[in-house]
Structures are given as C-alpha cells and as structure tokens.
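Student: The sequence shown begins at 4 in my numbering and counts up by one.
Note that beta-carbon positions come from the ideal geometry of N, C-alpha and C, so glycine has one too.
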Amino acid sequence: MKVGGRHYRSIWRNAQDGGVEIIDQTLLPHRFEQRRLANLADAAEAIRAMQVRGAPLIGATAAYGLALAMAADPSDAALAEACRALMATRPTAVNLRWAIEDVRRRLEPLGPAGRAAAAFARADAICEEDVAINRAIGGHGLGLLRDAWERKGRAAPLNILTHCNAGWLATVDWGTALAPIYLAHDEGIPVHVWVDETRPRNQGAAITAFELGAHGVPHTVIVDNAGGHLMQRGAVDLCIVGTDRTTASGDVCNKIGTYLKALAARENGIPFYVALPSPTIDWRIADGLRDIPIEERAADEVSHLAGRADDGAMVRIRLLPDGSRAANPAFDVTPAALVSALITERGVAEASRAGLATLFPDRAAAEGSAA
Ligand code: MRU
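Given below as structure tokens:
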C-alpha cells in the first residue's frame with residue numbers, strides 16, 4: 004500500500020544488496036522509519052519487540068530470520084538453534100510456527116552449502132504468497148461488503164468496526180480484515196471505519212488509523228469500550244477482524260477485546276466476520292480456549308502510556324497509582340458460534356470444522372488428524 008505516494012510492503016529485500024528491511028512499527032504513527040534486519044538476532048528482536056507484528060508478518064519475518072541465520076552458519080546445529088530462538092519470540096500467532104516448520108522442512112534435506120539461498124528463496128516466496136492470499140481475501144470480503152451496502156439501500160456510509168490492526172502492516176501487503184475495506188473504498192462504496200483504539204498497545208489508534216488515513220479511507224478512532232454502545236445505536240453495520248490463530252473447528256484467537264466485540268455484535272444482530280489466510284489455521288487443535296497459548300505481556304504496557312506531547316517530544320507517562328499491579332493478557336478466544344463467517348483466500352466459510360474442511364479439504368485431511 005502507499006505511504007506519501009510511494010508503494011511499500013511491510014518487509015522487503017533491498018534492491019541493491021538484497022538486505023532485509025522492515026518498517027519499525029513501534030514508532031508509528033509519529034515516525035515512519037525503516038530498519039535493517041542484519042542477522043538472526045535482529046529478526047528475533049524485531050518480532051519480540053513488535054517492530055514487526057501481526058500474525059502473517061511475524062511468519063514472514065521468521066522465514067527471513069532463518070535465512071539470515073543460514074547465511075551466517077548453515078550447519079544443522081545452527082538451523083536447530085535458529086528455529087528454537089525464533090519460536091521463543093511470541094507464542095500466540097501460529098503463522099510463526101507455520102513459517103519456521105515450512106522453511107526447516109525444505110532446508111534439512113539440503114547440504115549446508117545450499118541452505119542460505121534456499122531459505123531466502125522460500126522467504127521471498129512466502130511474502131509473495133501472503134500478498135496474493137490477502138488480495139484474494141479482499142476480493143471475497145468485498146462481496147460481503149457490497150451485499151451489506153445493498154441491504155442498506157446503498158445509504159452512505161457503510162459503517163464497519165475493526166479491532167487491533169489487521170491491515171497491510173500486519174501482513175506483507177493488503178492486510179486481511181482491511182483488504183476488503185480498501186477494495187470497497189477504491190470501488191466507490193462509501194465505507195467508514197470505527198477503529199478500536201486497542202489498549203494497551205493501541206494498534207488501532209496508532210497503526211490502523213495511520214493506514215486508513217494514508218489510503219484516504221474515512222475512519223473514526225473510538226475507545227475500546229465504545230463499540231457496544233455504537234452497535235446498540237445502529238451505528239455499526241458489520242464487524243471485521245483478523246486472527247492470530249484459528250482452530251480447525253473455527254474458534255478464533257485474536258487481540259484482547261475481540262471476544263467482547265463478538266458478544267456485543269451477536270446481542271445486536273450485527274455480522275461479525277473474521278478474515279484469515281490459511282497459514283493462520285491451526286489444524287492440530289480444535290478447542291481454542293484449551294489449546295491456544297495466550298501471550299502475557301509486560302505489565303508496564305498497561306501501567307504506562309507512550310505518545311507524542313503537543314510540543315513534539317515523545318513522552319511516556321504512568322497511569323496507575325504507585326503500587327497497583329497490572330495484568331496484560333494480549334489475546335482472547337472468540338468461540339466459533341459467535342463468528343458469522345470466516346473470510347479466507349479460497350472463499351467465505353462457516354466458522355466450523357465442516358466449513359473450513361469444505362474450503363481446505365487437502366489441509367484438513369493432511370494435518371487435521373490430531374484435532
Ligand atoms: O500483538 P499484535 O499486534 O501482533 O496482534 C495482531 C493482531 O491481533 C491481528 O489482529 C492479527 O495478527 C491478525 S493480522 C492480519
């Protein structure tokens with residue numbers, strides 16, 4: 004997508020020397036800076052520190068992390084250690100495991116001499132696949148938005164609520180939940196997006212608002228607690244969110260607060276869609292509440308806020324009384340029963356084992372035996 008008229012992806016190879024570059028998302032929306040990942044440690048730290056974030060982008064970065072590790076040392080021991088180090092960065096998004104296992108499976112049979120080139124080639128391919136997948140998700144989701152607009156009698160605007168950031172900065176390009184919105188906007192459907200702030204790290208306020216603004220999509224940032232109220236007042240036509248891991252039976256794990264929005268949507272009869280690329284499906288598990296590891300992040304993300312003061316200085320302030328403890332579960336699980344439909348690259352499916360298996364019979368059969 005474009006920023007300041009120039010096309011960017013969230014991760015790319017430098018055209019001059021093939022180096023791996025990212026946009027440092029911890030600085031958004033106040034600074035738009037690129038950063039180079041020079042080695043495995045840089046890639047692991049970028050994921051851990053959330054310079055890159057969002058399930059598909061975490062997977063793509065891990066693939067480049069393995070390639071950078073192989074460029075330094077292509078031995079079996081180094082491959083195993085790189086996989087371990089990357090797997091330890093963040094626990095919830097299954098795209099991390101998917102990408103690591105995918106690259107490792109291809110590298111292990113090769114002799115060390117061929118590993119770095121093969122790993123870079125596969126990481127590049129994962130990025131291309133991600134872009135194509137997300138564009139296809141956009142097309143399928145666009146059909147749902149068109150239908151919703153027709154049902155509304157083409158009355159403007161079509162109000163869509165989203166949570167966290169599932170846009171191009173969470174993927175390699177296009178995004179998942181935001182891809183249909185970009186396409187609808189480009190087609191002339193008058194969309195307006197309610198952007199959940201998404202405390203504590205504010206991916207909605209900082210990143211989704213930045214993305215939508217850069218593309219010219221009308222949007223309004225709201226505090227996380229406002230969504231239910233807006234739904235009761237008829238100000239939300241539908242919700243679309245992304246996911247970090249969806250089980251074989253359609254339970255959806257996503258950024259903390261997603262579940263509450265799904266409950267409010269159900270109570271108010273509002274469609275609640277989840278957009279996801281197939282690498283986000285964990286075919287090995289069926290029970291999201293029991294089987295998905297929920298990342299517990301540092302308490303200071305809750306106790307403190309960071310931002311730009313009116314004089315331009317970047318500041319960090321404390322919100323809590325000294326001595327109060329804070330807890331910070333980063334994701335929650337929305338049971339499949341609350342999800343109106345899953346939007347994938349192969350089409351729209353019911354959020355159920357049967358729905359996913361209809362779209363992905365190959366994957367369900369190959370990997371689903373454990374679930
Ligand atoms: O903690 P984050 O910012 O990595 O969480 C991101 C999300 O929860 C997204 O909704 C999810 O990864 C889907 S991204 C297309």
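1. Find out if the Cβ-Cβ distance for the pair A339, G253 is shorter than 9 Å.
2. Less than 7 Å between C-beta atoms, sequence neighbours within five positions excluded: which residues of the same chain meet that for D314?
3. Name the two residues that bound the continuous alpha helix (DSSP H) containing R100.
4. Below 8 Å, how does it come out for the region 86–102 and the region 275–291: are there three or more Cβ pairs, yes or no?
5. Would you tell me roughly how many angstroms separate the C-alpha atoms of W15 and A72, rounded to the nearest one?
6. Among L161, D247, E200, A187, which has the Cα closest to the Cα of V239?
7. Would you mind stating whether P332 and I297 have Cβ atoms separated by less than 9 Å?
8. Sort H143, L172, P193 by Cα distance to K155 and report the nearest one.
9. Out of A301, E299, G230, G146, which has the shortest C-alpha to C-alpha gap to R269?
10. Output the distance between the C-alpha atoms of E348 and P274, rounded to the nearest integer angstrom.
11. Which full runs of the alpha helix (DSSP H) of 4+ residues lie inside the region 107–150, going along the chain?
12. What are the uninterrupted segments assigned as alpha helix (DSSP H) that are 4 or more residues long and contained completely in the region 265–333, given in chain order?
13. Can you check which of these residues, R293, R300, A159, is closest to R202 by C-alpha distance?
14. If contact is defined by three or more beta carbon pairs under 8 Å, each pair taking one atom from either stretch, is the region 24–42 in contact with the region 205–213?
15. Nearest-angstrom Cα distance between H33 and L113?
16. Using alpha carbons as the reference points, say which of G260, T165, D150 lies closest to A158.
17. Please classify P364 as buried or exposed, where buried requires at least 16 neighbouring CB atoms within 10 angstroms.
18. Go to I2, then tell me how far its alpha helix (DSSP H) extends in each direction, as first and last residue.
19. N168: buried (16+ other C-beta within 10 angstroms of its C-beta) or exposed?
20. Check L31 in the structure and name its three-state DSSP category.
21. Can you give me the C-alpha to C-alpha distance between A124 and M4, rounded to a whole angstrom?
22. So, using beta-carbon positions, are L345 and C242 closer together than 9 Å?
23. Determine contact between the region 121–136 and the region 55–70, defined as no fewer than three beta-carbon pairs at a distance below 8 Å.
24. Can you look up W177 in the DSSP assignment and give me helix, strand or coil?
25. Counting along the chain, where does the alpha helix (DSSP H) carrying G62 start and finish?
26. Please tell me whether, using a cut-off of 8 Å, the distance from the CB of A52 to the nearest non-hydrogen atom of the ligand MRU is below it.
27. Under 8 Å Cβ to Cβ from R366, same chain only, skipping five residues before and after it: list those, please.
28. Expressed to the nearest angstrom, what Euclidean distance is found between the alpha-carbon atoms of H143 and G350?
29. With DSSP run on the structure shown, which of helix, strand or coil describes A251?
30. Quick one: residues in its chain with C-beta nearer than 7 Å to the C-beta of G141, no 5 flanking neighbours on either side, listed in chain order?
Tutor: Taking the geometry as given:
1. Your numbering for residue 339 matches position 336 in the sequence shown. Your numbering for residue 253 matches position 250 in the sequence shown. With contacts defined as CB atoms closer than 9 Å, A339 and G253 qualify as a contacting pair.
2. Here residue 314 refers to the residue found at position 311 when the sequence shown is read from its first residue. Result list for D314: empty, nothing under 7 Å.
3. For the purposes of this step, residue 100 is taken as residue 97 along the sequence shown, with counting starting at 1. 97–110 is the extent of the alpha helix (DSSP H) around R100.
4. The region 86–102 is in contact with the region 275–291.
5. Within the sequence shown, residue 15 is the residue found at index 12, counting from 1. Within the sequence shown, residue 72 is the residue found at index 69, counting from 1. C-alpha separation (whole angstroms): 17 Å.
6. In the sequence shown, residue 239 corresponds to position 236, counting from 1. If you compare the alpha carbons of L161, D247, E200, A187 with that of V239, the shortest gap goes to L161.
7. Reading the sequence shown from its first residue, position 329 is the one you call residue 332. Reading the sequence shown from its first residue, position 294 is the one you call residue 297. Yes. Within cutoff.
8. Taking the sequence shown and counting its residues from 1, the one referred to as residue 155 is at position 152. When only C-alpha atoms are compared, the closest one is P193.
9. In the sequence shown, residue 269 corresponds to position 266, counting from 1. With distances taken between Cα atoms, R269 lies closest to G230.
10. In the sequence shown, residue 348 corresponds to position 345, counting from 1. In the sequence shown, residue 274 corresponds to position 271, counting from 1. The C-alpha of E348 lies about 19 Å from the C-alpha of P274.
11. Runs of the alpha helix (DSSP H) inside the region 107–150: none found.
12. The alpha helix (DSSP H) runs of length 4 or more contained entirely in the region 265–333 are, from start to end of the chain, 291–294, 303–306.
13. Position 199 of the sequence shown holds residue 202. Closest option to R202, Cα to Cα, is R300.
14. Touching, per the Cβ criterion.
15. As a first step, residue 33 must be located in the sequence shown, where it is residue number 30. As a first step, residue 113 must be located in the sequence shown, where it is residue number 110. Rounded to the nearest whole angstrom, the CA to CA distance from H33 to L113 is 44 Å.
16. Mapped onto the sequence shown, residue 158 falls at position 155. Closest by C-alpha distance to A158, out of G260, T165, D150, is D150.
17. In the sequence shown, residue 364 corresponds to position 361, counting from 1. With fewer than 16 Cβ atoms within 10 Å of its Cβ, P364 is classed as exposed.
18. As displayed, the chain neither begins before 4 nor continues past 374, which places residue 2 out of reach and without an answer.
19. For the purposes of this step, residue 168 is identified with residue 165 of the sequence shown, where counting begins at 1. N168 should be labelled buried.
20. Counting from one through the sequence shown, the residue named residue 31 turns up at place 28. Correct three-state label for L31: coil.
21. Mapped onto the sequence shown, residue 124 falls at position 121. Mapped onto the sequence shown, residue 4 falls at position 1. Going by the C-alpha atoms only, they are around 23 Å apart.
22. Taking the first residue of the sequence shown as 1, we reach residue 345 at position 342. Taking the first residue of the sequence shown as 1, we reach residue 242 at position 239. No, the pair does not count as a contact, with Cβ atoms beyond the cut-off.
23. In short, these stretches touch, since the Cβ pair count reaches three.
24. As a position in the sequence shown, residue 177 is number 174, starting the count at 1. W177: coil per DSSP, three-state reduction.
25. Position 59 of the sequence shown holds residue 62. Secondary structure note for G62: its alpha helix (DSSP H) is the uninterrupted segment 58–75.
26. By 1-based counting over the sequence shown, the position of residue 52 is 49. Flag unset: Cβ of A52 not near the ligand MRU.
27. On the sequence shown, position 363 is the one that residue 366 refers to. Cβ within range, chain order: S281, I284, W286.
28. Here residue 143 refers to the residue found at position 140 of the sequence shown. Here residue 350 refers to the residue found at position 347 of the sequence shown. One alpha carbon belongs to H143, the other to G350, and they sit about 6 Å apart.
29. Against the sequence shown, residue 251 aligns to sequence position 248. Residue state, collapsed to three classes: coil.
30. Position 138 of the sequence shown, counted from the start, is the residue given in the question as residue 141. Cβ within range, chain order: W177, A182, P183, Y185, L186.
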